[in-house]
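S.K.: Heads up: take any position in the sequence shown, counting from 1, add 95, and you land on this note's numbering. We put the CB at the ideal spot given by N, CA and C, even for glycine. Computed from a predicted model, the values in this text were never measured in an experiment. Submitted below is the structure of interest, expressed as structure tokens.
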Amino acid sequence: MNLTRKDFLKAAATALAAIPMDAIANSSAPAPKTNHIPPGDPRRWWFEARFGLFIHWGLYAIHGWHEQDQWRRKIPRAEYGKLQQQWNPVKFDPDAWIDLAQAAGMKYLCFTTKHHDGFCLWDTKFTVFNTMNTPYGKDVLKLLAEACQRRKFPLCLYYSIADWHQPNYPNEGRHHELPPQPGDSPDWNKYLDFLKAQVRELCSNYGEIHGFWWDMNVPEHVDPSINAMIRELQPKAMINNRGFDPGDFGTPERDWDSATTSKGRFDAPVEACQSVGYQSWGYRTDEDYYSDAHLIRGIHNMLAKGANYLLNVGPMADGSIPETSAAMLRRIGTWVDSIRESFDGAAPVDLGLGDKSIALTRRGNSLYVHLLRDPETTSVFLRPLTTRPKRATLLNDGRVLECDITLLPRWHDQQPSAALRVRPIPVNDATPYGRVLRLDFEAFPDASKTTTTDETR
Ligand code: GLC
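Set out below in structure tokens:
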């Protein structure tokens, strides 16, 4: 088929339209290029935890439309601000949140202390726009932090740099910003003083904090002293790349990242994030939910390549997590539990397979074969491996699989023409996604005896 220039431009525009605007806005943030966090560093907890719960919660849950309600529906600031007098999440139970996270196989939590609307979910001295001045009147973050510490469940804090409420924030009508507001006194330096004072508060008054998750540095301001302050106060804190310097890890969002997703494995720390809802991160009354299959494929892809993953839910205004989201998390937890050993303590390994639909991880003499796309055939071919494992199982349900090394007509004229074949893969089951094969070897196949080039990644 010949593609005309017009067809090409149309196809490119369609592809671009499918990429979420927020993902594009965030993709310019620089991220570390290498793994700079040595063994023994207090931040190493993050590399063991791997899978976490993201929680977007704030005043926007009351309307139940989108966490950027104020901006996307152009709600006047004064009107939006009235929601503060309705904030009364009587069903907020941090233990129930942690129970759900654990049922989902998650090992940490990241919580929106302040989203773009500027409403603060902690007892801050620096603005009255906070949870203390509401009918609820309680410090949400304190309750959550106490529960996390009691249950030894690492807690990370999300903080939006863009702020639609604080009068010094220069709302100039750029992306994720309001247009200039009457009565504001835009002053970036004053806003930074406010921000630093709040960050100090967050890192001083809530016990051990395991991470700081910046969002929307719209002015693209650089100031490494802010992360330095966090590190001094909270040495375990892993810091993302959306703040004022590249931080510790990259943050591909909604499974879209131009630089990294095509690679077989990540060379630097990455934490992908995604929401259970297609439309929103905050609670949405008539959300369009993703399928389990879509979410599991995304999570699997990232975990198998060595990235961490944050999956988000938006609790309702009363503090409870919508049952649809909770049920999705529990189902995902069943899958995570079944294949957990393939990424817990296992590391990505490159054996020169040259097949982008497969990722490999290794633990000891076990090789985990991650089928990132639903298998096309009843066999998996692991060319160029020619070592037969002593045992092969489908990790998802423990069934034993057969292996042989046999001459295959498709590759009759290539080297090696005989290769390791594993089967039968139950391709016609209702859930052909998220599959992992575990191959136990007497002696682990030697990658140096195989060809590894950049093209095969
Ligand atoms: C985007 C959205 C924001 C959300 C964030 C989570 O930046 O704009 O609302 O908090 O994604 O990564």
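Could you check if residue 311 belongs to the surroundings of the ligand GLC, using beta carbon to heavy atom distance under 7 Å?
M.R.: Along the sequence shown, read from residue 1 onward, the residue named residue 311 stands at position 216. Correct: residue 311 has its Cβ closer than 7 Å to the ligand GLC.
S.K.: Less than 6 Å between C-beta atoms, sequence neighbours within five positions excluded: which residues of the same chain meet that for residue 408?
M.R.: The residue given as residue 408 occupies position 313 in the sequence shown. For residue 408, where only same-chain residues beyond five positions count, the Cβ hits under 6 Å are 371, 416, 420.
S.K.: Does the distance between the C-beta of residue 368 and the nearest non-hydrogen atom of the ligand GLC fall short of 7 Å?
M.R.: Here residue 368 refers to the residue found at position 273 when the sequence shown is read from its first residue. Flag set: Cβ of residue 368 near the ligand GLC.
S.K.: For residue 104, does the count of other Cβ atoms within 10 angstroms reach 16, so buried, or fall short, so exposed?
M.R.: Taking the sequence shown and counting its residues from 1, the one referred to as residue 104 is at position 9. Caution is warranted here: a pLDDT of 46 is assigned to residue 104, below 50, making its placement in the model unreliable, and no coordinate value can be reported.
S.K.: Which one of 438, 324, 461, 227 has the shortest CA to CA distance from residue 394?
M.R.: Stepping through the sequence shown from its first residue, residue 394 is reached at position 299. Answer by Cα proximity: 438.
S.K.: Rounded to the nearest angstrom, what separates residue 98 and residue 349 at their Cα positions?
M.R.: Here residue 98 corresponds to residue number 3 of the sequence shown, with the count starting at 1. Here residue 349 corresponds to residue number 254 of the sequence shown, with the count starting at 1. Low local confidence applies: a pLDDT of 47 at residue 98 is under 50, so the model's placement there is unreliable, with the coordinate-based value given in what follows. C-alpha separation (whole angstroms): 29 Å.
S.K.: Between residue 452 and residue 473, what straight-line distance do the alpha-carbon atoms span, to the nearest angstrom?
M.R.: Locating residue 452 in the sequence shown gives position 357, counting from the first residue. Locating residue 473 in the sequence shown gives position 378, counting from the first residue. If you take the alpha carbons of residue 452 and residue 473, they lie about 15 Å apart.
S.K.: Between residue 376 and the ligand GLC, is the CB less than 7 Å from at least one heavy atom?
M.R.: Translated into positions along the sequence shown, residue 376 becomes position 281. True, at least one ligand heavy atom lies under 7 Å from that Cβ.
S.K.: Below 8 Å on the Cβ atoms is my contact criterion, and I expect residue 314 with residue 283 to pass it. Report the Cβ-Cβ distance as a whole number of Å.
M.R.: Looking up residue 314 in the sequence shown gives position 219. Looking up residue 283 in the sequence shown gives position 188. Sure, about 7 Å apart at Cβ, within 8 Å.
S.K.: Residues in the same chain with beta-carbon distance under 7 Å from residue 154, minus the five sequence neighbours each way, listed in chain order, please.
M.R.: Here residue 154 is taken as the residue at index 59 of the sequence shown, counted from 1. Excluding positions up to five away in sequence, the list reads 178, 179, 182, 212, 214.
S.K.: Would residue 342 pass as a contact of residue 312 if the rule is Cβ separation under 8 Å?
M.R.: Working through the sequence shown from its first residue, we reach residue 342 at position 247. Working through the sequence shown from its first residue, we reach residue 312 at position 217. Contact: no.
S.K.: Exposed or buried, what is residue 100 when buried is set at 16 or more other beta-carbons lying within 10 Å of its beta-carbon?
M.R.: Start at 1 with the first residue of the sequence shown, and residue 100 comes out as number 5. Any reading at residue 100 must be qualified, since the residue scores a pLDDT of 49, below 50, and its modelled position is unreliable; no value is offered.
S.K.: Relative to the alpha-carbon of residue 499, which residue among 492, 491, 515 has its alpha-carbon at the smallest distance?
M.R.: One-based indexing of the sequence shown puts residue 499 at position 404. Nearest of 492, 491, 515 to residue 499, Cα basis: 515.
S.K.: State the Cα-Cα distance for the pair residue 463 and residue 128, rounded to the nearest angstrom.
M.R.: Counting from one through the sequence shown, the residue named residue 463 turns up at place 368. Counting from one through the sequence shown, the residue named residue 128 turns up at place 33. Going by the C-alpha atoms only, they are around 26 Å apart.
S.K.: When burial is assigned at 16 or more other CB atoms within 10 Å of the CB, is residue 126 buried or exposed?
M.R.: To locate residue 126, count along the sequence shown from 1; it is residue 31. That one is buried.
S.K.: Which stretch, first to last residue, makes up the beta strand (DSSP E) that contains residue 402?
M.R.: As a first step, residue 402 must be located in the sequence shown, where it is residue number 307. Element bounds for residue 402: n/a, residue is neither H nor E.
S.K.: Pick out the complete alpha helix (DSSP H) segments inside the segment 145 to 202, 4 residues or longer, and give them in chain order.
M.R.: Within the segment 145 to 202, the complete alpha helix (DSSP H) runs of at least 4 residues are 155 to 158, 164 to 167, 172 to 176, 189 to 198.
S.K.: Note down the Cα distance separating residue 316 from residue 530, rounded to an integer number of angstroms.
M.R.: Within the sequence shown, residue 316 is the residue found at index 221, counting from 1. Within the sequence shown, residue 530 is the residue found at index 435, counting from 1. Taking the straight line from one Cα to the other gives about 43 Å.
S.K.: Check the DSSP bridge columns for residue 488 and list the partner residues they point to.
M.R.: For this step, residue 488 is matched to residue 393 along the sequence shown. Looking at the DSSP assignment, residue 488 forms a beta bridge with 495, 533.
S.K.: Closer than 7 Å to a non-hydrogen atom of the ligand GLC - does that hold for the CB of residue 350?
M.R.: Numbered from its first residue, the sequence shown carries residue 350 at position 255. Result no, Cβ not under 7 Å from the ligand GLC.
S.K.: Would you mind sorting residue 471 into buried or exposed? The rule is 16 or more other CB atoms within 10 Å of its CB.
M.R.: On the sequence shown, position 376 is the one that residue 471 refers to. Label assigned to residue 471: exposed.
S.K.: How far does the beta strand (DSSP E) with residue 458 in it extend, from its first residue to its last?
M.R.: Position 363 of the sequence shown, counted from the first residue, corresponds to residue 458. 453 to 458 is the extent of the beta strand (DSSP E) around residue 458.
S.K.: Helix, strand or coil for residue 97? Go by DSSP, reduced to three states.
M.R.: Counting from one through the sequence shown, the residue named residue 97 turns up at place 2. A caution first: residue 97 carries a pLDDT of 45, below 50, which makes its placement in the model unreliable, though a value can still be read off. In the structure shown, residue 97 sits in coil (DSSP, three-state: anything other than H, G, I, E or B).
S.K.: So what does DSSP say about residue 433, is it helix, strand or coil?
M.R.: Translated into the one-based positions of the sequence shown, residue 433 becomes position 338. Residue 433 falls in the helix class under three-state DSSP.
S.K.: Taking the runs of the alpha helix (DSSP H) that are 4 residues or longer, which of them lie wholly in the segment 209 to 252?
M.R.: The qualifying runs are 235 to 245.
S.K.: Taking 7 Å as the cut-off, is the beta-carbon of residue 165 closer than that to any non-hydrogen atom of the ligand GLC?
M.R.: The sequence position of residue 165 within the sequence shown is 70, counting from 1. No - the ligand GLC has no heavy atom lying nearer than 7 Å to the Cβ of residue 165.
S.K.: From what residue to what residue does the alpha helix (DSSP H) around residue 310 run?
M.R.: Reading the sequence shown from its first residue, position 215 is the one you call residue 310. No alpha helix (DSSP H) contains residue 310, which is instead part of the beta strand (DSSP E) from 306 to 310.
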